[in-house]
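Asker: Counting the sequence shown from 1 gives a position; the working numbering is that position plus 649.
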Amino acid sequence: MEPKTTELIFKIQDMDCVEEVSILKRELSPLVGGEQHLFFDVLNRRMIVNPTAEITAAAIMEAVSQTGMRAEIWDEKKKQAAPASFWSRQGRTLLTSLSGLMMGTAFLTHVYLAGSFGAALGAEEATNGSMPLPVRLQYLSA
650 MEPKTTELIF KIQDMDCVEE VSILKRELSP LVGGEQHLFF DVLNRRMIVN PTAEITAAAI
710 MEAVSQTGMR AEIWDEKKKQ AAPASFWSRQ GRTLLTSLSG LMMGTAFLTH VYLAGSFGAA
770 LGAEEATNGS MPLPVRLQYL SA
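1. Taking the DSSP output, what are the residues bridged to Asp690?
2. Would you kindly work out how many angstroms separate the C-alpha atoms of Leu782 and Ala769, rounded to a whole number?
3. Near Ala720, which residues of its chain fall below 6 Å by C-beta distance, leaving aside the five closest residues on each side in sequence?
4. Within the same chain, show all residues whose beta-carbon is closer than 7 Å to that of Met751, passing over the 5 residues directly before and after it, in chain order.
5. Quick one: Cα of Ile802 to Cα of Trp736, how far?
6. Between Gly753, Leu680 and Ile672, which has its C-alpha nearest Phe689's C-alpha?
7. At the 9 Å Cβ level, is Ile658 part of the contact set with chain B, yes or no?
8. Does the beta-carbon of Ala763 have 16 or more other beta-carbons within 10 angstroms, so that it is buried, or is it exposed?
9. Could you spell out the range, first to last residue, of the beta strand (DSSP E) harbouring Ile592?
10. Below 7 Å CB to CB, which residues in the same chain sit around Thr796 once its five sequence neighbours on both sides are set aside?
11. Output the distance between the C-alpha atoms of Glu656 and Arg695, rounded to the nearest integer angstrom.
Take a look at the structure:
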């Protein structure tokens, strides 16, 4: 069994907003002796616990897992030593750019198949009220 320490620091996966902090406070407050013993750094996804009772890090991690989040012991060296992967740094930008490219391609295809910008922009009478299947598929992929 782990000995009681004066301060336990955890990295909380999936802690992104105040609502999740509230959930953690509600779940952990009885365990650590009250809300005043919990401190949160949402930006860094860090939780600091100053428990008043004999409690282990494993017990706190188990309580956090019951909220649907995951806790691990904060390791400053690990944070500095492990640079983020390319996908974690640029993935959202790449997917957003790809989606925009697909939207543009779909619109240009729509213009080409409809015959004019006006028809592609909503003059549904020009296309008998339906969007061509290739255009639908391209919009769907975006």
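Yeah, the Cβ is synthetic: ideal placement off N, Cα and C, and Gly gets one too.
Answerer: Concretely, from the data shown:
1. In the sequence shown, residue 690 corresponds to position 41, counting from 1. Bridge partners of Asp690 according to DSSP: Arg695.
2. As a position in the sequence shown, residue 782 is number 133, starting the count at 1. As a position in the sequence shown, residue 769 is number 120, starting the count at 1. Approximately 13 Å, taken between the alpha carbons.
3. As a working mapping, residue 720 is identified with position 71 in the sequence shown. Closer than 6 Å at Cβ, skipping near neighbours: Phe659, Ile661, Met710 and Val713.
4. The residue labelled residue 751 in the question sits at position 102 within the sequence shown. Cβ neighbours of Met751 beyond the five flanking positions: Gln787, Ser790 and Ala791.
5. Only positions 650 to 791 of the chain appear in the structure, and residue 802 is not among them; the question remains open.
6. Counting from 1 along the sequence shown, the entry for residue 689 is found at position 40. Of the listed residues, the one whose Cα sits closest to Phe689 is Ile672.
7. Here there is only one protein chain, and chain B is not present.
8. Here residue 763 corresponds to residue number 114 of the sequence shown, with the count starting at 1. With 16 or more other Cβ atoms within 10 Å, it is buried.
9. Outside the displayed span of the chain (650 to 791) sits residue 592, for which this structure offers no information.
10. Since the first residue of the chain shown is 650 and the last is 791, residue 796 is not available in this structure.
11. To locate residue 656, count along the sequence shown from 1; it is residue 7. To locate residue 695, count along the sequence shown from 1; it is residue 46. Rounded to whole angstroms, Glu656 to Arg695 spans 13 Å at the Cα level.
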